[in-house]
Amino acid sequence: MKEKIYPSGVIHRLSAYLRYLVQLDEVGRTTVSSREISDAVGVNSAEIRRDLSLFKVVGKRGVGYNIKSLITRFNEIIGAQQETRIALIGAGHLGTAIVNYDPLPKHGFVISTIFDNDPERIGQKVGNLVVKDIRELENVVKRHKIATAILAVSPEAAQEVTDLLVDAGVKVILNYTPVRIEVPSGVIVQTTDPVEKLLHTLYYLSRKGQGYSAAG
1 MKEKIYPSGV
11 IHRLSAYLRY
21 LVQLDEVGRT
31 TVSSREISDA
41 VGVNSAEIRR
51 DLSLFKVVGK
61 RGVGYNIKSL
71 ITRFNEIIGA
81 QQETRIALIG
91 AGHLGTAIVN
101 YDPLPKHGFV
111 ISTIFDNDPE
121 RIGQKVGNLV
131 VKDIRELENV
141 VKRHKIATAI
151 LAVSPEAAQE
161 VTDLLVDAGV
171 KVILNYTPVR
181 IEVPSGVIVQ
191 TTDPVEKLLH
201 TLYYLSRKGQ
211 GYSAAG
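full-length UniProt numbering applies: residue 1 is where the sequence shown begins, and numbers increase by one.
The following block contains the structure:
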């Protein structure tokens, strides 16, 4: 039976819940209340209960929700029951930080291969991975059937590398460049630009005390 399609706002909140629940599970917690989740992720507890009801999750009065059951259910909804292999393009400072980012494998994301076009980086190790020549990208991605990629390259190279990824069959790209990349229909791009986020936050910081909030 297929999962229903939930609004993006709901999935955004679910992802925050899941990350917090994994943290609790790691320290041996077995149950959690909606109030605890609310305090941790900044979502109203009544909205959390509505979300959990929407996901057909039931807690016990006075006890709360079983953490492992929530993690299993949320992974089912997101589609994260299985390991997701990721190709990382860019072995610079950002790429290295991404490879060494501990929460990724905890959520089933595995950086399985890394590429660069710099001769001084090709053949070097980043974490447990050996940096491959970008010219090998299409063959490697196709051979290992990798559908997800992270783009951590210069803005000038962003579109060219994106085209290589699309030609190789990649369907999801997390874009860490400030460039708006063009992709055909059926390919999903999520852009994460820290400067844009900071500018957004700065607007609200400059109006602190005027009743504005940068939440969301």
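Virtual Cβ for every residue (Gly too), placed ideally from N, Cα, C.
Sequence-distant residues of the same chain with beta carbon closer than 6 angstroms to residue i, five excluded per side
i, result
"Ile-111", "Ile-86, Leu-88 and Val-99"
"Gly-95", "Leu-88 and Ala-152"
"Leu-129", "Ile-114"
"Tyr-65", "Val-32 and Gly-59"
"Ser-34", "Ser-45, Ile-48 and Arg-49"
"Leu-104", "none"
"Arg-61", "none"
"Gln-190", "Leu-174"
Residues near residue i in its chain [Cβ-Cβ closer than 8 angstroms; skip 5 each side]
i, result
"residue 217", "Lying before the first or after the last residue shown, residue 217 is absent from the chain, which here runs from 1 to 216."
"Val-29", "Reading the sequence as shown, one finds Arg at residue 29 and not Val. Same-chain partners within the cutoff: Ile-67."
"Ala-40", "Tyr-20"
"Val-57", "Tyr-65, Ser-69, Leu-70 and Arg-73"
"Ala-158", "Leu-151, Asn-175, Thr-177, Val-179 and Ile-181"
"His-144", "Arg-85, Ser-112 and Thr-113"
Cβ-based neighbour list, residue i, same chain, cut-off 7 angstroms, excluding 5 preceding and 5 following
i, result
"Met-1", "For Met-1, the pLDDT reaches just 49, beneath the cut-off of 50, and the residue's location in the model is therefore unreliable, leaving the point undetermined."
Min CB distance residue i to chain C below 9 angstroms
i, result
"Glu-76", "Absent from the structure is chain C; it holds one protein chain and no more."
According to DSSP, residues forming a beta bridge with residue i
i, result
"Thr-192", "In the DSSP output, where bridge partners are listed per residue, Thr-192 has none listed."
"Gly-64", "Lys-60"
Contact belief for residue i with residue j at Cβ below 8 angstroms, rounded distance in angstroms
i, j, result
"Gly-149", "Val-126", "Correcting the residue identity first, residue 149 is Ala in this sequence and not Gly. Actually they are not in contact, since the Cβ atoms of Ala-149 and Val-126 sit about 16 angstroms apart, beyond 8 angstroms."
"Ala-168", "Leu-137", "6 angstroms"
"residue 228", "Val-195", "Residue 228 lies beyond the residue range present for the chain, which begins at 1 and ends at 216; the question has no answer from this structure."
Straight-line gap, residue i to residue j (C-alpha atoms, nearest Å)
i, j, result
"Arg-135", "Asn-175", "20 angstroms"
"Asp-102", "Gly-108", "11 angstroms"
"Ile-67", "Glu-26", "11 angstroms"
"Asp-193", "Ile-146", "24 angstroms"
"Lys-142", "Ala-46", "45 angstroms"
"Val-131", "Val-140", "12 angstroms"
"Val-166", "Val-63", "48 angstroms"
"Pro-164", "Ile-173", "It should be pointed out that residue 164 corresponds to Leu in this sequence rather than to Pro. Answer to the nearest angstrom: the Cα atoms are 12 angstroms apart."
"Gln-82", "Glu-76", "10 angstroms"
"Asp-133", "Lys-106", "28 angstroms"
"Val-43", "Ser-8", "15 angstroms"
"Val-187", "Ser-206", "37 angstroms"
"Glu-156", "Phe-55", "43 angstroms"
"Leu-202", "Lys-4", "37 angstroms"
"Arg-121", "His-93", "11 angstroms"
My parser needs the beta strand (DSSP E) runs of 3 or more residues fully inside the UniProt domain "CoA-binding" (79–180); what are they? Taking only runs of at least 3 residues, the beta strand (DSSP E) segments lying wholly in the UniProt domain "CoA-binding" (79–180) are 84–89, 109–116, 148–151 and 172–175.
Within the region 20–59, note down every full beta strand (DSSP E) run reaching 3 residues or more, in order along the chain. The region 20–59 contains no whole beta strand (DSSP E) run of 3 or more residues.
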